[in-house]
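Residue numbers (the numbering used here): 16 to 251. Every residue, glycine too, gets a C-beta built ideally from N, C-alpha and C.
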């Protein structure tokens, strides 16, 4: 990135906030100028996790600017970047712009803000996305992963519970592109307790086979996890 060609982005990346604000004040329309990565100053302000600068840039956007149209080369908007970081204050700033962004907008890989925040285990952020902004708990990315697949992969019982209790509901036995259910993913990553929770509280089917003909217990990361899961589930 050339500092001469994209001075605002460079200032932000260098954490030179005062200079960035000065440059924006001088040329407000530069707030939507994209650099070589097709990222705007708002993308970079979110990336450095600076709430004050994000608010400043939002206030200087031209009236009616649609944040959904501020897409970088990977299909990420500032909201996707922030979902990976998990800053609730910035989320609220971005979601209260006009027009309000589509919280279910997907990247080039089909991932939504909910997918991204779950992968980073941002518990409060996930709750707000679902409860306050209506994020879809059923949407699939290009690998066929639902938010529940992501939650099972990281073994977060808290997020799994949040998704299962969602007003919109989820299909606990939904398959990804390889035929894996959330239960497959939980056991493959060694999260036996999360797998048990999926069965006991979510009603996950232990007999569903993936495209390779494997049941969840057959893809368990090791025999110890498989044994613990099997013994616990069979006691019920």
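Measure the C-alpha to C-alpha separation of residue i and residue j and round it to an integer number of angstroms.
i	j	result
residue 95	residue 232	34 Å
residue 47	residue 93	12 Å
residue 109	residue 166	25 Å
residue 19	residue 225	53 Å
residue 157	residue 191	9 Å
residue 52	residue 87	6 Å
residue 210	residue 242	12 Å
residue 17	residue 111	Reliability of the predicted coordinates at residue 17 is poor, the pLDDT of 48 falling under 50, and the value obtained from them is presented with this limitation in mind. Using only the alpha carbons, I get a separation of about 32 Å.
residue 37	residue 21	14 Å
residue 206	residue 121	28 Å
residue 70	residue 247	50 Å
residue 208	residue 130	21 Å
residue 198	residue 119	24 Å
Quick one: what does DSSP say residue i is sitting in, helix, strand or coil?
i	result
residue 25	helix
residue 238	helix
residue 77	coil
residue 17	Note that residue 17 has pLDDT 48, beneath the 50 cutoff, so the model's placement of it is unreliable and the number below is only indicative. Residue 17: coil per DSSP, three-state reduction.
residue 216	coil
residue 148	coil
residue 89	coil
residue 195	coil
residue 245	helix
residue 153	coil
residue 162	helix
residue 107	helix
residue 141	helix
residue 39	helix
residue 224	coil
residue 233	helix
residue 56	helix
residue 127	coil
Contact defined as beta carbons within less than 8 Å: I believe residue i pairs with residue j. What is the distance between those atoms, to the nearest angstrom?
i	j	result
residue 181	residue 145	6 Å
residue 179	residue 216	6 Å
residue 185	residue 152	5 Å
residue 139	residue 103	6 Å
residue 200	residue 168	5 Å
residue 23	residue 65	Not a contact, Cβ separation roughly 13 Å.
residue 213	residue 175	7 Å
residue 150	residue 127	7 Å
residue 105	residue 61	6 Å
Taking all protein chains shown into account, do 16 or more other C-beta atoms lie within 10 angstroms of the C-beta of residue i, making it buried, or fewer, making it exposed?
i	result
residue 222	exposed
residue 239	exposed
residue 132	buried
residue 162	buried
residue 56	buried
residue 218	exposed
residue 77	exposed
residue 40	exposed
residue 44	exposed
residue 79	exposed
residue 124	exposed
residue 97	buried
residue 164	buried
residue 170	buried
residue 50	buried
residue 58	buried
residue 155	buried
residue 116	buried
For the ligand FAD, is there any heavy atom lying closer than 7 Å to the beta carbon of residue i?
i	result
residue 205	Ligands are entirely absent from the displayed structure, and the ligand FAD is therefore not among its contents.
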